[in-house]
Structure formats: structure tokens, C-alpha cells
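Asker: Before I ask anything, let me first share the structure, which is written out below as C-alpha cells.
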Amino acid sequence: MRPQTPLEQPTNRKPQSLTGGVRDFVSDLISLLELQWQLLQVDLKEGRSRLLRSAVLLGIAPVIALAALPVLFLGTAEILSASYGWPLAYTQFGLAGSLIVGALLIGWFGLRALISSMTTLTRSRSEFSENLAWMKSMLTREERREAAEHRMPGFGHRFN
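What follows is the structure, encoded as C-alpha cells:
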């Protein structure tokens, strides 16, 4: 007579549904991390170009102001002084003030561009937050399903 195998054999394996669910979750998690990494690379590339543009603007502003001051200052002040009969010193001060205001405006535009380039990682940050929330919800949903199956075997399908 052949030996009969018992109906319930002790095994150390986890149920197929649990390992399959964990495997799917890990696969989804790896895919999300790969997508997150790609998005971060795109954001950094975009941010680098914006940062370079802003730095160039901030570098050009003082160079233009310094290069233009002596030439415009002396030439225009002399013309205004000769044309209107104003004292040369007053004409030079007025012209210097207007050139400085122009340089400040250029610097202000460059600073605004620099500040806006610092917000390039907002997409990556928001996507990462959404992905973390999804992972947390998946983990808690899996834990609830396992607890329900443990209490009432066969009824875990209700909690998916």
C-alpha cells in the first residue's frame, strides 16, 4: 500500500498571493524610483541652463555699467554743460545717477531670473511626495488585507 500524503503539509513558504503582491509592489516601487530619477535629471538640466542664463545676466549688468560710465559720463556731461550752460559738476552728477539707476534695473532683472531658476525642483519634489503617499497607501492596504485574511481565510478578496 502506498503511503498517503497528509492533507496539510507544514511548509515555510508564504502564500502565493502575498509573495506575488509584494513582488508586484517592489516592481512598481523600482519603476517609480527610475521615473523619479529621470525626472530629477531633466529638472537639473533645465535648472542648470536657467542658472547659467541668470548668472550671465548678473555678470553682464555690472560690466556694462562700469564700461559705460566713464565714456557716457564725460562725453554726455560735457555736451549738456555746453548746450544748456549748466555747470559741468552738476551735469556729471545727474548723469552718473541716471547710469546707476539703469545698472540697478539690469541687476534687478538678473536677480529675478536667478530666483525663478531656483524653483526648478518643484516638479521632482511634488512627484516624489505623491509617490511616497502612494507607497504608504499600498502598504497600509496590503496590511489590512493580510489582517482580514488572517482573521477570516477566504474573505480577503473584499479588501483589495
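To convert, note that position 129 of the sequence shown is 574 in the working numbering; the numbers rise steadily by one, no gaps.
Every residue gets a Cβ at the ideal spot worked out from N, C-alpha and C, and that includes glycine.
(1) According to DSSP, is Thr564 part of a helix, a strand, or is it coil?
(2) If distances are taken between C-alpha atoms only, which option among Trp531, Ser562, Ile551, Arg468 comes closest to Glu491?
(3) Throw me the rounded Cβ distance for the Ser499 and Ala558 pair, which I believe falls under 8 Å.
(4) State the CB to CB distance for the pair Leu502 and Gly555, rounded to an integer number of angstroms; the pair is presumed to be in contact (CB under 8 Å).
(5) To the nearest whole angstrom, what separates the beta carbons of Leu489 and Leu517, a pair I think is in contact under 8 Å?
(6) Less than 7 Å between the beta carbons of Ala522 and Gly552, yes or no?
(7) Could you check what DSSP says for Trp553 in three-state terms: helix, strand or coil?
(8) Do the region 565-572 and the region 478-486 meet, that is, are 3 or more Cβ pairs less than 8 Å apart?
(9) Classify Leu478 as buried or exposed, calling it buried when 16 or more other Cβ atoms lie within 10 Å of its own Cβ.
(10) Do Ser528 and Thr536 count as a contact pair if the criterion is CB distance below 7 Å?
Answerer: According to the structure data:
(1) coil
(2) Ser562
(3) 4 Å
(4) 4 Å
(5) Actually they do not touch by this definition, with Cβ atoms about 41 Å apart.
(6) no
(7) helix
(8) yes
(9) exposed
(10) no
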